[in-house]
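Residue numbers (full-length UniProt numbering): 1 to 760.
For glycine and all other residues, C-beta sits at the position ideal for the given N, C-alpha and C.
Input: a single structure, listed below in structure tokens.
Given below as structure tokens:
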């Protein structure tokens, strides 16, 4: 995480839990956690510190035996293990979703930087950067969703103290992650604007009004101030200060105040029109919001915008005095103007020490490391040390006094460059300052390439034209001197190909003796032409193209860049004392006196008293309300996201294509069924044809049988008619009345050879 961030794993609570799990009380701790002991107990001598820790451990305390926010730890683990889907799943659950998204964004960005620095596979760095952008986008969208629902609760989400994330705020985590979109959001900028103005209520020409108030203090009374109700996002220290010092007028019962207001409004309404009535009503309402004179003066000088202009005016005065010192003759002892400049630098150094000591990290070494991470702090330290050296030399006799004056002249260059930091407050100049910084970095890489080309030409030129030089440091100067100025167009034409060899005769008849020609001197103009072609045309135009690219890159995000730089500027002047150097020494003495009084009263130093950051300390009930609001915003965010996704053209096309695919599959099933039905109908048709054929054959057989029966019956009739007179025939005929007799008669009357059907 970097900076002043301190993880919970380094705090005493986690160390106590770890000691419970791996110390002498390991069996009891594991039993409470529902685990089994599989590591043998380590024996050895224990220090007094460990014995004291063992006595203070309470294993029955739920704050020691488990993690209060397990989804925080699981999400961090998933991010570190590069399991993006699992990290997103854990992010959706639990509290402090905005803080978790910003922490994950910072972790992924830091891991991507480490991956790129360690020459690992490029895909790993790109994947981690992509994961960082995903979490950053989630944080911005969640902030936008919460801002749409409730502006005040959204600002509380940005400013309340996150005890599980190094006691930081979401705004500080966003700055640590360098999330410009988050800082540039309307909610963040409204919060920063309120903090920048303090309790001053100004819309137009705020700078002129503040400068007028500084130069003419009576004009402070004409300025408008905000009351306490208009500032719901104050830090805890400010609220305590207001409660202690602001005189509270005895409030009347609400009913009495309402009656008085109604009577006064009714009386005014009888004498004025509708427009004047509204104005008088506003005056009645503002009657209860009057701020005492002392409170106005205090709030005016404690507003960050007033501190900024106060420090700026003092800095301009310091530069004017410094100019006077270096431009006029330096006397043996410092003048009044010089003593003022010395006191300014001295008190500025004390202020830098105060910034280090009152920074967030706990250890002094860590405080110094965090302080040195800021570019302007490093340059300020170098400039103060250089001025101190110059001052010491200036107090000596000649020639050291002149050396000290030269150091003064060099040192003032930096203090003029320091004005660029003040320009960052301006919306238009701030991005240009950032462009200059980025272009300086680009130019450093360009200088390395230019140095190779310059040395190749400079060494060859020096060696050819001056072959008999003695060893000296001037050789290094001669190598770079002329080739460097050639880059800017000074080609030293008279020295490109100087005359040499035979003597020349002038027009007046005077003979000039020329030096002998150097061996290979004709090569110098040739390589000089190649050098100027590469340096003046190729490399310089390449540098211009790089600068052009940097300009358009920063110009496209200039608004975000200015808003991001604005946060650091506001926080810087919010934490500074009221008085500028050299008067700041009185503020330091006051702070030391207050600290000693607290120690004398034996009051333990509260770390929150030294925390001048933008933090809102709220009660447990308010914290629960904020967490519930955040969870509600997450649910609403995912609901709207699903609605947007479902109503998007891509999703509609996808749903339509799925429906078309389903319909095509159903049509294919219908076609298959139709083919099956056709095949079944064909089978039925074949079987019906077979049945018709069989029925036809049966009908033919029946017709033949019917014809045989008729023929037999005719034959029998003919026989009966011929033998009717025979008595024996009658007796025999009567014996065939049974079924068997008739059958036998039929079989004898049919010839099997003529009818094979009956033979079967």
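Measuring CA to CA, which of 405, 196, 176 is closest to residue 373?
-> With distances taken between Cα atoms, residue 373 lies closest to 176.
Out of 83, 178, 143, 90, point me to the one whose CA is closest to residue 128's CA.
-> Cα-wise, what sits closest to residue 128 is 83.
Sequence-distant residues of the same chain with beta carbon closer than 7 Å to residue 343, five excluded per side | Excluding residues within five positions, the ones whose Cβ falls inside 7 Å are 582.
Reference residue 404; option with closest CA among 418, 346, 388 | The shortest Cα separation from residue 404 among 418, 346, 388 belongs to 388.
Taking residue 1 as the reference, give the member of 105, 94, 78 with the closest Cα.
-> Comparing Cα positions, the closest option is 105.
Since residue 225 sits in a beta bridge, which residues does DSSP pair it with?
-> Assignment of beta-bridge partners to residue 225 by DSSP yields 200.
Cβ distance (whole Å) where residue 347 is taken to contact residue 585 below 8 Å | The pair is a contact, with the Cβ atoms about 5 Å apart (cut-off 8 Å).
When you compare each of 134, 353, 309 to residue 426 by their alpha carbons, which one comes out closest?
-> Of 134, 353, 309, the residue nearest in Cα terms is 309.
Range of the contiguous alpha helix (DSSP H) that encloses residue 771 = What the structure shows of the chain is the stretch from 1 to 760, and residue 771 is not part of that stretch, so it cannot be assessed.
Beta carbon of residue 570 nearer than 7 Å to that of residue 192 = In this structure, residue 192 lies closer than 7 Å to residue 570 by Cβ.
In or out: residue 650 buried (at least 16 other Cβ within 10 Å) or exposed?
-> The residue in question, residue 650, is exposed, as its Cβ has fewer than 16 Cβ neighbours within 10 Å.
Same chain only: Cβ atoms within 6 Å of residue 95, ignoring 5 sequence neighbours per side = Excluding the 5 residues flanking it on each side, residue 95 has same chain C-beta neighbours closer than 6 Å at 627, in chain order.
From residue 75 to residue 69, what distance separates their C-alpha atoms?
-> When rounded, the distance between both Cα atoms is 10 Å.
Is there contact here, the region 154-162 with the region 109-119, by at least three beta-carbon pairs under 8 Å?
-> Contact between the region 154-162 and the region 109-119 is absent: fewer than 3 CB-CB pairs across the two stretches fall below 8 Å.
By DSSP, does residue 243 sit in helix, in strand, or in coil?
-> For residue 243, the pLDDT reaches just 47, beneath the cut-off of 50, and the residue's location in the model is therefore unreliable, although a value from the coordinates is still provided. DSSP places residue 243 in helix when its eight states are reduced to three.
Among 301, 298, 299, 339, nearest to residue 318 - alpha-carbon criterion | With distances taken between Cα atoms, residue 318 lies closest to 339.
Determine the contact status of residue 226 and residue 203, defining contact as a CB-CB distance below 7 Å.
-> Contact: no.
Residue 657: buried (16+ other C-beta within 10 angstroms of its C-beta) or exposed?
-> By the 10 Å Cβ count, residue 657 comes out exposed.
Would you mind reading off the limits of the alpha helix (DSSP H) that contains residue 317?
-> Membership of residue 317 in the alpha helix (DSSP H) is indicated by the continuous run 304-327.
Can you grab the Cα-Cα spacing for the pair residue 7 / residue 188, in whole Å?
-> Residue 7 and residue 188: Cα-Cα distance of roughly 25 Å.
Taking Cβ positions, are residue 562 and residue 349 nearer each other than 7 Å?
-> No, they are not a contact pair.
For residue 354 and residue 402, the rounded distance between their alpha carbons | Rounded to whole angstroms, residue 402 to residue 354 spans 33 Å at the Cα level.
What's the call for residue 676, buried or exposed, on a 16-neighbour Cβ count within 10 Å?
-> Counting every other CB atom within 10 Å of its CB across the protein chains shown gives residue 676 a total below 16, marking it as exposed.
Taking all protein chains shown into account, decide if residue 711 is buried (16 or more other Cβ within 10 angstroms of its Cβ) or exposed.
-> It is exposed - the Cβ of residue 711 has fewer than 16 other Cβ atoms within 10 Å.
Using the rule of at least 16 other Cβ atoms within 10 Å of the residue's Cβ for burial, across every protein chain shown, is residue 415 buried or exposed?
-> So residue 415 ends up on the buried side.
Hey, quick one: how far does the alpha helix (DSSP H) through residue 209 stretch, first residue to last?
-> Residues 206-215.
Could you tell me if residue 135 is buried or exposed, where buried requires 16 or more neighbouring beta carbons within 10 angstroms of its beta carbon?
-> Residue 135 sits buried, since 16 or more C-beta atoms from the chains shown fall within 10 Å of its C-beta.
Pick helix, strand or coil for residue 488, following the three-state DSSP scheme.
-> Correct three-state label for residue 488: coil.
Reducing DSSP to helix, strand and coil, say where residue 521 ends up.
-> In the three-state reduction of the DSSP assignment, residue 521 falls in the coil class.
What are the boundary residues of the alpha helix (DSSP H) that residue 74 is part of?
-> Where residue 74 is concerned, the enclosing alpha helix (DSSP H) stretches over 70-80.
Where does residue 481 sit, in a helix, a strand or coil, going by DSSP?
-> It is helical.
Which value, in whole angstroms, describes the spacing of the CA atoms of residue 368 and residue 301?
-> Rounded to whole angstroms, residue 368 to residue 301 spans 29 Å at the Cα level.
For residue 458 versus residue 565, is the C-beta distance shorter than 7 Å?
-> It is not a contact, given that the beta carbons lie outside the stated cut-off.
Tell me residue 160's beta-bridge partners as DSSP assigns them.
-> Answer by DSSP bridge pairing, in chain order: 616.
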